[in-house]
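Chains as they are written, first to last, in our numbering: chain A, 866 to 1040; chain B, 866 to 1040; chain C, 866 to 1040; chain D, 866 to 1040; chain E, 866 to 1040; chain F, 866 to 1040.
There are 6 protein chains.
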Amino acid sequence: MVKRGVFIGRFQPIHKGHIKAIKEILKQVDELIIVIGSAQCSHSFSNPFTAGERITFVKKALDENNIDPNRYYLIPVPDTNDNRIWVAHLVSLTPSFQIVFSNNPLVRRLLTESGFKIGEVKLFERKKYTATLIRTAIIEGKPWEESVPSSVAEFIKDIGGVERIKAIGETKLKL
Amino acid sequence: MVKRGVFIGRFQPIHKGHIKAIKEILKQVDELIIVIGSAQCSHSFSNPFTAGERITFVKKALDENNIDPNRYYLIPVPDTNDNRIWVAHLVSLTPSFQIVFSNNPLVRRLLTESGFKIGEVKLFERKKYTATLIRTAIIEGKPWEESVPSSVAEFIKDIGGVERIKAIGETKLKL
Amino acid sequence: MVKRGVFIGRFQPIHKGHIKAIKEILKQVDELIIVIGSAQCSHSFSNPFTAGERITFVKKALDENNIDPNRYYLIPVPDTNDNRIWVAHLVSLTPSFQIVFSNNPLVRRLLTESGFKIGEVKLFERKKYTATLIRTAIIEGKPWEESVPSSVAEFIKDIGGVERIKAIGETKLKL
Amino acid sequence: MVKRGVFIGRFQPIHKGHIKAIKEILKQVDELIIVIGSAQCSHSFSNPFTAGERITFVKKALDENNIDPNRYYLIPVPDTNDNRIWVAHLVSLTPSFQIVFSNNPLVRRLLTESGFKIGEVKLFERKKYTATLIRTAIIEGKPWEESVPSSVAEFIKDIGGVERIKAIGETKLKL
Amino acid sequence: MVKRGVFIGRFQPIHKGHIKAIKEILKQVDELIIVIGSAQCSHSFSNPFTAGERITFVKKALDENNIDPNRYYLIPVPDTNDNRIWVAHLVSLTPSFQIVFSNNPLVRRLLTESGFKIGEVKLFERKKYTATLIRTAIIEGKPWEESVPSSVAEFIKDIGGVERIKAIGETKLKL
Amino acid sequence: MVKRGVFIGRFQPIHKGHIKAIKEILKQVDELIIVIGSAQCSHSFSNPFTAGERITFVKKALDENNIDPNRYYLIPVPDTNDNRIWVAHLVSLTPSFQIVFSNNPLVRRLLTESGFKIGEVKLFERKKYTATLIRTAIIEGKPWEESVPSSVAEFIKDIGGVERIKAIGETKLKL
């Protein structure tokens, strides 16, 4: 049987810490389901990019890192408002899996209560590589490009992502 | 005609203050509809338990206090996002009632605007018995069992409720 | 451990066939969760009564039949649009159960896929006692009262249920 | 106090029968709330036009008939899936009203149960002027323009409404 | 072609700053679509009034200011939870427009990304005329009537709006 | 620039006609977005398989046909209830695309109205290869395996898909 794991993130945007984690997990499983969480969200400070944009730059990032496309699935999963049905929702949208990689204690708890195995994933330079810091740097006009794969930085600039995040930041200040 | 009242709570978890209030209200009405509010919620700090778990321990608590099952209805009611339809939603899910017991001014206002009578319910040792304090005590590893009927404490421990609330607390700190 | 079963119906309205089935099931379990399905529906041909009205007349019917209120739970469960999350939804709204009583092959299949045991329930004079026939009789002005407990017939008349079902029937013809 | 009525339709499209009815009702009330029902629907056989398109051509039709804009409100109202909350939903989206004009028995029943008065509105040449016939004529390439105010026919053609309805008709045949 | 603009607000309540802005915009366009945003909301501190109540007092305010009803549309638009579909949602509920007036940077960004032109609207005494200040003054029992057209102040008092906002304020303090 | 197309299906299940069409389209574009439509549906006659199951067997079918995983994206897209926002919803969940392949006239119309180019895709032995016929054959116990790639037939049997579809068929007969 194929050993399949799931890795859940929002990837707003994908950064070098994510890439490092995915490479580590791929040593432990045959196939990895990369879940693009909060897939319905976009144009907010926490979630500036649409699921479609995130799928595009996650694929670019994995290609740039020579990760074999036969080793992973890339699946957008919208939030459920209700935690009580979230596991069933996740399971229905993904190929079957046995092990879950996440550092979120609630996600770990929900999947543990449903009988899934929780894997360990060490975070790589966690203080340096976080999506929140990247988005904040963009708003403040500070350098951020080094934290993400170069194809991701290029794509974000091409689609006007910098202007979008700044507009969202301005709204936040105003309200 | 049967004089029927409604008492609205989230019961996360039910505590001795709730029991005291229910006993007081049962002196004023023939039958009481106990609404388990926010029924769609679970696995969050404000709402750790599912509606099904809450129905189970509310029934246990009422049995432990010898409250006649013919005197009450126990009905889970999910939230509506929109206040403007909440009264119609509540009415559609419950047997007909004439009087409402609640200390929430908005709930009182909504039901007053729809023509319902608002009853008075004194809260028993309100500072001591609140569900928020109980959940906080569980996270901090402090004693909480005395605030709830013993069958409720036992059930919460049996279903892993303590571990769940602690995992949620950890998530909160992390985010 | 308490042996708990679940019996799922829409009860539009509850009839003597339902009562017979509930009595039979109560011989097999300690406690029975009676699920009022499609709880969000009302004022249509398939679902004329609100969940609140159905809770009221199901309780009356069980009382009329001297069924001990400590033996059952009466829980309204709205539909999910998506079958893939229905079992998780049902489980979250109900006390824990081990066995399911239903004659609907899809319900049986969904719960079997989730690992639940399916019990057998013989239907009592199925041709005679069906809610669809009762509603059709009401529209056509034919006798229907004998098919339901007398307290149910009385309640339906009291709340204007006959007029409501006839208005719905008229709409149906018109559209 | 202002005597205000409500007239509920889907206006897919508005036709001369609607105009006639609105003129009749305006003799009975000071102000009329014209509800554009099923406002969320479009691009289907029953509901080809968006709410925005319907607002546009209803306004044109009323102008063409010299109906004073101070006598009416034009309000899009999306459907609720649940009849039990529909009246509360309608009330929340409209200025207060006392009387309802509708030939749909269910709508009449729902509003009667909530205590509203139902007015009488005679339908003008009902066989000739129905939106379903107009849409069918468009699909079949038969004349339909005479059934609607000329500004409405012109607008529908301008926005490609004929092509849209034909495409929808083709889909229907195919599925 | 008609030059049509859209002006988006929540109007909780409409105040003299809004009126001034609408008058300014009407110099730039033939017709103005006034969108009553967050139309599903009511009975909260940010959104105390229902869409129906807001439609009523916006109409009164425009009449009081002698604004020609043939120059504007008044359309309630509920929120979408997802920004990614908000423009399509807005477009579907409104007559076609070319230019948007808003001071919210996110609204401006979303509509710019979809190709709409953004107009400029100067805010009139912005510090003095804001709906938040008006609602706060009502809670605190301070004067607020001068900030809104007199027909609006009268209507709010008539429907018990002052009591409603105070009840909501009390709830806020309590929670 | 990458020339990207989108191909929309429900793949209940994927069959040899789909494979043929995908191969044809891949001659016209650099990359193809394969949309798994009605992603929220499962366990019904029209949509027996979950999105996760469909992703699994579509991937197997493409692998069996040696289609390069760098040439396509496989994206589950839930339905919107409202056609008016469907294009925005589709666009938000997918990488950017220029051309759409679909034989559904409504889908073609919706995307044409939004300015997308519609491509031509010839259906291969359309009478022989349709998912509806395959599901009907499964219910009736007739041979169906030859219509789908062999890895797909094997997977469907492994997950109990035959039993599921038969249970659904039985329900249909009963209701």
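Every residue gets a Cβ at the ideal spot worked out from N, C-alpha and C, and that includes glycine.
Exercise. Measuring CA to CA, which of 1010/C, 1026/C and 1027/C is closest to residue 881/C?
Worked result: As a first step, residue 881/C is located in the third sequence; it is residue number 16 there, counting from the start. Out of 1010/C, 1026/C and 1027/C, 1010/C has the C-alpha closest to the C-alpha of residue 881/C.
For this session: Just the C-alpha distance for residue 996/F and residue 1031/D, rounded to the nearest angstrom, thanks.
Result: The residue labelled residue 996/F in the question sits at position 131 within the sixth sequence. The residue labelled residue 1031/D in the question sits at position 166 within the fourth sequence. About 26 Å.
For this session: Taking residue 883/E as the reference, give the member of 1028/E, 967/E and 895/E with the closest Cα.
Result: Against the fifth sequence, residue 883/E aligns to sequence position 18. Out of 1028/E, 967/E and 895/E, 967/E has the C-alpha closest to the C-alpha of residue 883/E.
For this session: Could you check if residue 1054/C is buried or exposed, using at least 16 other CB atoms within 10 Å of its CB as the buried criterion?
Result: Residue 1054/C falls outside the range modelled here, since chain C spans only 866 to 1040, and no answer is possible.
Problem set entry | Contact list for residue 960/D against chain E, beta-carbon separation under 9 Å | As a first step, residue 960/D must be located in the fourth sequence, where it is residue number 95. Within chain E, the residues near residue 960/D are 917, 918, 920, 921 and 924.
Exercise. Cα separation between residue 932/D and residue 885/D?
Worked result: Against the fourth sequence, residue 932/D aligns to sequence position 67. Against the fourth sequence, residue 885/D aligns to sequence position 20. Going from the Cα of residue 932/D to the Cα of residue 885/D covers about 11 Å.
For this session: Return yes when at least one heavy atom of the ligand ZN lies under 7 Å from the C-beta of residue 901/C, else no.
Result: With respect to small molecules bound, the structure shown includes none, and the ligand ZN cannot be examined in it.
Problem set entry | Stretch pair the segment 968-986 of chain B + the segment 926-943 of chain B: three plus CB contacts closer than 8 Å | no
Problem set entry | Assigned secondary structure, residue 1006/C (DSSP; H/G/I helix, E/B strand, else coil) | Locating residue 1006/C in the third sequence gives position 141, counting from the first residue. Coil, per DSSP.
Exercise. Using 8 Å as the Cβ pair cut-off and three pairs as the minimum, do the segment 1017-1028 of chain C and the segment 872-881 of chain D touch?
Worked result: no
Exercise. What span of residues does the alpha helix (DSSP H) with residue 1024/E cover, start to end?
Worked result: Locating residue 1024/E in the fifth sequence gives position 159, where the first residue counts as 1. Element bounds for residue 1024/E: n/a, residue is neither H nor E.
For this session: Return the chain-ordered list of same chain residues with a C-beta closer than 6 Å to the C-beta of residue 895/D, the five sequence neighbours on each side being excluded.
Result: Residue 895/D sits at position 30 when you count from the first residue of the fourth sequence. Hits under 6 Å: 867 and 868.
Exercise. So, residue 913/E versus residue 999/E, is the Cβ gap smaller than 8 Å?
Worked result: Stepping through the fifth sequence from its first residue, residue 913/E is reached at position 48. Stepping through the fifth sequence from its first residue, residue 999/E is reached at position 134. No, these two residues do not count as a Cβ contact at 8 Å.
Exercise. Would residue 1032/D count as contacting chain F if we go by Cβ distances under 8 Å?
Worked result: Numbered from its first residue, the fourth sequence carries residue 1032/D at position 167. Interface residue, yes.
Exercise. Does residue 912/A have its Cβ less than 8 Å from a Cβ in chain B?
Worked result: Here residue 912/A is taken as the residue at index 47 of the first sequence, counted from 1. No, because no Cβ of chain B sits closer than 8 Å to the Cβ of residue 912/A.
Problem set entry | Within chain E, the residues that residue 957/D reaches when beta carbons sit closer than 7 Å | Here residue 957/D corresponds to residue number 92 of the fourth sequence, with the count starting at 1. Here the neighbours are 907, 915, 916 and 917.
Problem set entry | Entirely enclosed beta strand (DSSP E) segments - the segment 874-938 of chain E, minimum 3 residues | 896-901
Exercise. Beta-carbon separation of residue 965/A and residue 870/A under 8 Å?
Worked result: Counted from its first residue, the first sequence places residue 965/A at position 100. Counted from its first residue, the first sequence places residue 870/A at position 5. Yes, they are a contact pair.
Exercise. Per DSSP, which one or two residues make a beta bridge with residue 941/E?
Worked result: Within the fifth sequence, residue 941/E is the residue found at index 76, counting from 1. Residue 941/E pairs with 901/E.
Exercise. So is residue 949/E in contact with chain A if we call contact Cβ pairs under 8 Å?
Worked result: Locating residue 949/E in the fifth sequence gives position 84, counting from the first residue. Output row for residue 949/E: interface = yes.
For this session: Determine the direct distance from the alpha carbon of residue 893/F to that of residue 1012/F, and round the result to whole angstroms.
Result: Within the sixth sequence, residue 1012/F is the residue found at index 147, counting from 1. Within the sixth sequence, residue 893/F is the residue found at index 28, counting from 1. Cα-Cα distance, rounded: 25 Å.
Exercise. Per DSSP, residue 1034/D forms a beta bridge with which residues?
Worked result: The count along the fourth sequence starts at 1 and reaches residue 1034/D at position 169. Partner(s): none; residue 1034/D has no beta bridge.
Problem set entry | Close beta carbons around residue 929/D, own chain, < 6 Å, minus the five adjacent residues each side | Within the fourth sequence, numbered from 1, the residue matching residue 929/D stands at position 64. The residues are 1014 and 1016.
Problem set entry | Per-residue burial, residue 919/D [other beta carbons within 10 Å of its own, 16 or more giving buried] | Taking the fourth sequence and counting its residues from 1, one reaches residue 919/D at position 54. The residue is buried, with at least 16 neighbouring Cβ atoms inside 10 Å.
For this session: Evaluate residue 949/B with the Cβ neighbour count: other Cβ atoms within 10 Å of its Cβ, from every protein chain shown; 16 or more gives buried, anything less gives exposed.
Result: By 1-based counting over the second sequence, the position of residue 949/B is 84. Buried, since its Cβ has 16 or more Cβ neighbours within 10 Å.
Exercise. What residues of chain D sit near residue 880/B, judged by a beta carbon separation below 9 Å?
Worked result: Stepping through the second sequence from its first residue, residue 880/B is reached at position 15. In chain order: nothing, as chain D lies at least about 32 Å away.
Problem set entry | CB contact flag (residue 945/C, residue 900/C, <8 Å) | By one-based count along the third sequence, residue 945/C stands at place 80. By one-based count along the third sequence, residue 900/C stands at place 35. The answer is no: Cβ separation not under 8 Å.
For this session: Report all residues from its chain with a CB closer than 7 Å to the CB of residue 954/A; omit the five preceding and five following residues, and keep chain order.
Result: Your numbering for residue 954/A matches position 89 in the first sequence. So the list reads 945, once near-sequence residues are dropped.
Problem set entry | Between the CA atoms of residue 972/D and residue 1040/C - distance to the nearest angstrom | Stepping through the third sequence from its first residue, residue 1040/C is reached at position 175. Stepping through the fourth sequence from its first residue, residue 972/D is reached at position 107. Only weak support exists for where residue 1040/C lies, its pLDDT of 40 falling under 50; the coordinates are left without a value.
For this session: Using DSSP bridges, identify the partner residues of residue 871/E.
Result: One-based indexing of the fifth sequence puts residue 871/E at position 6. In DSSP, residue 871/E forms a bridge with 898/E and 965/E.
Exercise. Are the Cβ atoms of residue 957/E and residue 916/D separated by less than 8 Å?
Worked result: On the fifth sequence, residue 957/E is found 92 positions in, with the first residue counted as 1. On the fourth sequence, residue 916/D is found 51 positions in, with the first residue counted as 1. Yes, these two residues count as a Cβ contact at 8 Å.
For this session: Taking only the alpha-carbon atoms, compute the straight-line gap between residue 991/A and residue 921/F and give it to the nearest angstrom.
Result: Taking the first residue of the first sequence as position 1, residue 991/A is located at position 126. Taking the first residue of the sixth sequence as position 1, residue 921/F is located at position 56. If I take the Cα positions, the gap works out to 33 Å.
Problem set entry | Neighbour list for residue 1035/D in chain F, Cβ cutoff strictly below 7 Å | The residue labelled residue 1035/D in the question sits at position 170 within the fourth sequence. Per Cβ cutoff of 7 Å: 970.
Exercise. DSSP on residue 1039/E, reduced to helix/strand/coil?
Worked result: Within the fifth sequence, residue 1039/E is the residue found at index 174, counting from 1. In this prediction, residue 1039/E scores a pLDDT of 48, lower than 50, which makes its location untrustworthy; the coordinate-derived value is nonetheless stated afterwards. If DSSP states are grouped into helix, strand and coil, residue 1039/E belongs with the helices.
Exercise. Is residue 890/C closer than 8 Å to residue 952/C when the C-beta atoms are compared?
Worked result: The sequence position of residue 952/C within the third sequence is 87, counting from 1. The sequence position of residue 890/C within the third sequence is 25, counting from 1. No, these two residues do not count as a Cβ contact at 8 Å.
Exercise. Taking Cβ positions only, does residue 904/A come closer than 8 Å to chain C?
Worked result: Position 39 of the first sequence holds residue 904/A. By this cut-off, residue 904/A is not an interface position.
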